[in-house]
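**Student:** Got a structure for you, written out below as structure tokens; questions coming shortly.
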Amino acid sequence: MIISLKPKSKFYLNGAVVQVDRKVNVQLLNDAVFLLDIHVMQEADARTPLRQLYFVLQAALMDPKSAPAVHGLLASMLPALNSSFENAEVLAGLQVVAKQIGSERYFDAMKTIRGLFPIEDDILRPKSTESAEPIVTVSAA
């Protein structure tokens with residue numbers, strides 16, 4: 053696998069933070085756990101249920117030693133998320149995520165979750181209370 057990086061880019065490789073000073077292609081010759089800086093979510097951004105799940109998975113990728121503890125947390129998070137959502141697409145996505153996590157394919161699970169963010173945003177977006185047409189019309193006499 054070849055990773056193309058721009059100058060000053062960072063990525064996480066088996067728990068280590070790597071920063072490059074120029075445009076570079078990095079070729080991984082064996083299995084490695086990596087996470088690109090553009091996929092890293094800050095703790096302050098993990099404000100919704102799916103983003104919190106993403107953040108926990110991210111922790112497992114960034115610090116492989118934490119993976120056993122993360123598995124325990126995920127085991128409690130997934131059932132709670134399944135009971136929280138009614139949207140069929142989100143529920144189907146969570147089933148895929150559960151299988152990916154079970155296979156320790158965390159990066160794939162994070163990618164699946166990122167695809168669910170727009171749906172979650174729509175679900176959590178406040179519904180407008182204003183209707184398109186006024187309920188009462190007033191006419192001048």
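Using the numbering used here, read the sequence shown as starting at 53 and increasing by one per residue.
Ideal placement from N, C-alpha and C gives every residue a C-beta, glycine not left out.
Values in this document were obtained by computation on a predicted structure and should not be read as measured data.
1. Since Asn82 and Ser56 should fall inside the 8 Å C-beta cutoff, what is the C-beta to C-beta distance between them, to a whole number of angstroms?
2. In whole angstroms, what separates the C-alpha of Pro116 from that of Arg99?
3. Nearest to Tyr64 by CA position, among Arg166, Pro178, Leu176 and Phe159, is which residue?
4. Give every residue of the same chain whose Cβ lies closer than 6 Å to the Cβ of Arg74, excluding the five residues on either side of it in the sequence, and list them in chain order.
5. Which complete alpha helix (DSSP H) runs does the segment 76–140 hold, if anything under 4 residues is left out?
6. Is the CB-CB distance between Val149 and Ala161 below 8 Å?
7. Taking Glu172 as the reference, give the member of Leu133, Gln152, Gly154 and Arg157 with the closest Cα.
8. Residue range of the alpha helix (DSSP H) that Lys163 falls in?
9. So what's Lys151 in DSSP terms, helix, strand or just coil?
**Tutor:** According to the data block:
1. 19 Å between Cβ atoms; not a contact.
2. 24 Å
3. Phe159
4. Pro59
5. 101–114 and 119–136
6. yes
7. Leu133
8. Tyr158 to Leu176
9. helix
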